[in-house]
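Add 873 to a position in the sequence shown, counting from 1, and you land on the number used in this note's numbering.
Using N, Cα and C, we set each Cβ at its ideal position, and we do this for glycine too.
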Amino acid sequence: MAFTFYKQPDQMDCGPTCLRMVAKHHGRNFKVQTLRQLCEINREGVSLLGISDASEKIGFRSIGAKLNLGDLKEAVLPCILHWRQNHFVVLYKISKGHYYIADPGAGLVKLNEEDFARNWVSDPDKGEGIVLLLSPTPNFYDQEEEKDTSVSWSFLFRYLITYRQLLSQLFIGLGIGTLLQLITPFLTQSVVDIGINTRNLNFIYLVMIAQGFLILGRVSVEFIRSWILLHISTRINVSILTDFLIKLMRLPISFFDTKLTGDIMQRMNDQRRIESFLTGSTLSTLFSMFNLVVFSVVLAYYNMVIFGVYMASSILYVAWIFVFLKRRRELNYKSFEISSKNQSTIVQLVSGMQEIKLNNCEQEKRWEWEHLQARLFKFSVKNLALSQYQQGGATLINESTNLIITFLSAKAVIDGQFTLGAMIAVQYIIGQLNGPVQQLLGFIQGFQDAKISLERLNEIHQMEDEEPIDKEFNNTLPENRTITFKDVTFRYPGAGNEPVLQDINLTIPQGKTTAIVGMSGSGKTTILKLLLRFYETEQGEIKVGEQLLDNISFKIWRSQCGVVMQDGFIFSDSIERNIAVGDESPNKAKLQHAIRIANIGDFIDSLPLGLKTKIGAEGNGISQGQRQRMLIARAVYKDPEYLFFDEATNALDANNERVIINNMNEFFVGKTVIVVAHRLSTVSNADNIILLDKGHIAEQGTHQQLIALKGDYYQLVKNQLELGA
């Protein structure tokens, strides 16, 4: 039985995808998204512990172990291996000294023992590597199998249906183009059989003029077809990408915390690949196949023997190409490993040059690089030899076919079955038939690529929105806007992670300023992220008045929240539009008020274009302090009910900080404010100060009350004052 292979959708999905393959081998299908959640995947991917926990949740018995090659040969397969210290693969068979690997990033690969050991062994001294052994329990077969809805071409063909009128014009053009091409061999035959044999120059002139018009017609049809294709492909690409962005913006913020930027960008590139397949490869191959059928019929009409020879050679040609695909995949797999090491080595050589020279290890590092070049050269030689065998065999088949057909045509002429013109026409038809066969192979590759892209695309479209359509949310805030935490516990995704917050009970009064302090990692920023609904609580509930925060519309809630986070983003746009984000026509009075509160007026006035000055990645660089003031101005401009500040002034000098704090104290009146900070100056005037320690509330009260306690807060302030002294 062939082992079912799945390709990982994203860079960090190797673990869940391996588990999916093992589950499928044992007869159960799971979506990769389900396994992701069970593995508790995060931006760093998954750990072996995460895969083990997920496997046991779906009914496997799992054992993590370090084994040598001898022990591994006795293990129950398939099993999951820790590969190259940063990846997971499935070992599904060992036979005759070869190891059969399902690598979710590269495909099915067969390796000899030396190559296998080099990639798997993590402890060279003992010759051991890490393995997760899996065996199904009765509970595994009780699991409800998930339907595999990963690929749905109907989803894409809906985009094509929109342009059915243009597509019908394309097919009309296809028919006309094929008809014009079909006439050519008959005209060529008539030139030889009638024009040359009867020495009728006028007839030849007439045929040449006809062929000239045919060429002109074919070129015109091709021009029109190209314009129609460009029109359709551009619109389809924009439509697919727009729908993808709409869906992306509806997803919860936690989705972006577990995805690398490169993975999201890859999905956007997938739109182009799918569009190219739909409007390029598919239609072009369809045209070619139509030509293949028509010209095959004409060739059969001329001579069935020649038609049979051509069909046999085409089958042989395709089979020959496919013979080399497996070997080429194995070479590409090995080459990729060495190429990635080569790239890493070059980066280290350049970026670490200072340390290399300081430690006198130039020669050692150069030899390391040269050794990799030798291995790369070895694989390049193997790759070239394989290409030569493949290309040589394909050329031999094609040219032999042409020779045989030429001989058969010539013999048919001598035997009186063919005219000389018919022989030339057959040669023309064979030339027209060779192209579609080669194009079909490219289409198969394009289909595989588009299928993978479609899986990644569908995965996003199948995810639940932040605000699902079938769930009703409250679109107004209650009159009582005090926030309460009741027995809230939260941990970040990732197997084995400890709770960041544990049994938090907390009241944030309406219209008051609440400060949260504590050591780094105590959970201060996490409280803000829960309030902003980046994540859902693991246990407990958060209420606004008597309403659960989860029942309030995300848009309504965030419209009333002004936020300054440590990693706040500055757009590549003007200062004006960076402060008044989302406001097409910024209110001048609100803008000036925000600039005054954030004390950034002098900086803006010093710029030649003032508020119109472009900042961000594509504009003027700004300091960390200016960036923070810009973010404060953005929060103030919004004029919200709630203000959440996470170390909003930690990059400011003492003078700026004092002015901004005085301005903000004026702005805070009547608003519910939560300030996360280390500096005493930022929190001392708060109505309530909460000290967090390892996810628990250790102390709370006003500044004077906590100082009088002489507890942890007192020590924090004392240390800060001593540092200040």
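Asked                                                                                                                                                                    : Found
Compute the beta-carbon to beta-carbon distance between P1513 and G1435, rounded to the nearest angstrom, for a pair I have assumed lies under 8 Å.                      : 4 Å
What residue range does the alpha helix (DSSP H) around T1051 cover?                                                                                                     : 1037–1063
Tell me whether N1370 sits in a helix, a strand or coil according to DSSP, three-state version.                                                                          : coil
Tell me, which residues are paired with V1361 by DSSP?                                                                                                                   : I1377
Between L1565 and chain D, is there a C-beta pair that is closer than 9 Å?                                                                                               : Although the question refers to chain D, the structure presented lacks it and comprises just one protein chain.
Using the Cα positions of E1345 and P1125, report the straight-line distance between them to the nearest angstrom.                                                       : 17 Å
Threshold first: 3 residues or longer. Then list the beta strand (DSSP E) segments lying entirely within the segment 936–999, N to C.                                    : 952–956, 960–968, 971–976, 980–985
What whole-angstrom Cβ distance do V1417 and I1425 have, given they're in contact under 8 Å?                                                                             : 7 Å
Only counting runs of 4 or more residues, tell me where the alpha helix (DSSP H) segments fall wholly within the segment 1511–1591, in order along the chain.            : 1527–1540, 1553–1556, 1576–1582
How would you label G888, buried or exposed, when you count the other beta carbons within 10 angstroms and need 16 or more for buried?                                   : buried
Mark N873 as exposed unless 16 or more other C-beta atoms lie within 10 angstroms of its C-beta, in which case mark it buried.                                           : Residue 873 is absent from the structure shown; the chain starts at 874 and stops at 1598.
Rounded to a whole number of angstroms, what is the C-alpha to C-alpha distance between V1299 and D1066?                                                                 : 14 Å
Looking only at C-alpha atoms, which of S1161, L1039, I1278 sits nearest to L1103?                                                                                       : L1039
At what residues does the beta strand (DSSP E) containing G1181 begin and finish?                                                                                        : From DSSP, G1181 is part of no beta strand (DSSP E) but of the alpha helix (DSSP H) over 1177–1196.
Beta-carbon within less than 6 Å of I1627's beta-carbon, same chain only, minus the 5 sequence neighbours each way: which residues are those?                            : Any question about residue 1627 goes unanswered here, given that the chain covers just 874 to 1598.
Give a yes or no on contact between the segment 1268–1281 and the segment 1178–1189, applying the rule of three or more CB pairs nearer than 8 Å.                        : yes
Is it buried or exposed for S920, if we count other Cβ within 10 angstroms and need 16 for buried?                                                                       : buried
Touching or not, the segment 1460–1475 and the segment 1492–1506, by the rule of three or more beta carbon pairs under 8 Å?                                              : yes
In this structure, how does DSSP classify C891 when only helix, strand and coil are distinguished?                                                                       : helix
Just the C-alpha distance for Q1617 and M1296, rounded to the nearest angstrom, thanks.                                                                                  : Here the chain covers residues 874 to 1598 and nothing more, so residue 1617 does not appear.
From what residue to what residue does the beta strand (DSSP E) around P1011 run?                                                                                        : Segment 1011–1015 is the alpha helix (DSSP H) holding P1011; no beta strand (DSSP E) there.
Rounded to a whole number of angstroms, what is the C-alpha to C-alpha distance between L1482 and G1489?                                                                 : 15 Å
Report yes or no: do the segment 992–1011 and the segment 929–948 share at least 3 C-beta pairs separated by less than 8 Å?                                              : yes
For the candidate residues W956, V1094, R901, L1060, whose alpha-carbon lies nearest to that of Q1016?                                                                   : R901
Which value, in whole angstroms, describes the spacing of the CA atoms of D1423 and K946?                                                                                : 52 Å
Out of curiosity, what's the CA-to-CA distance linking E1371 and E1237?                                                                                                  : 43 Å
Is it the case that the Cβ atoms of K1544 and G1384 are separated by a distance below 9 Å?                                                                               : yes
Hey, out of D1585, T1386, S1479, whose CA is closest to E1539's CA?                                                                                                      : T1386
Is the beta carbon of L1087 sitting closer than 9 Å to the one on I1056?                                                                                                 : yes
By the 10 Å Cβ neighbour count, where 16 or more other Cβ atoms means buried, how is P882 classified, buried or exposed?                                                 : buried
Can you list, in chain order, the residues of its chain with a C-beta nearer than 8 Å to that of W1242? Leave out the 5 residues immediately preceding and following it. : N1215, T1218, I1219, L1222
Should the segment 1551–1570 be called in touch with the segment 1388–1407, which here means at least 3 C-beta pairs below 8 Å?                                          : yes
If you check the beta carbons only, do L1379 and I1400 fall under 9 Å apart?                                                                                             : yes
Could you pull out every residue in the same chain whose Cβ sits closer than 7 Å to the Cβ of Y1032, ignoring the five residues on either side in sequence?              : I1109, S1112, I1113
Give me whichever residues DSSP pairs with C1434 in a beta bridge.                                                                                                       : Y1515
Between the Cα of I1325 and the Cα atoms of A1521, T1522, F1150, which residue gives the shortest distance?                                                              : F1150
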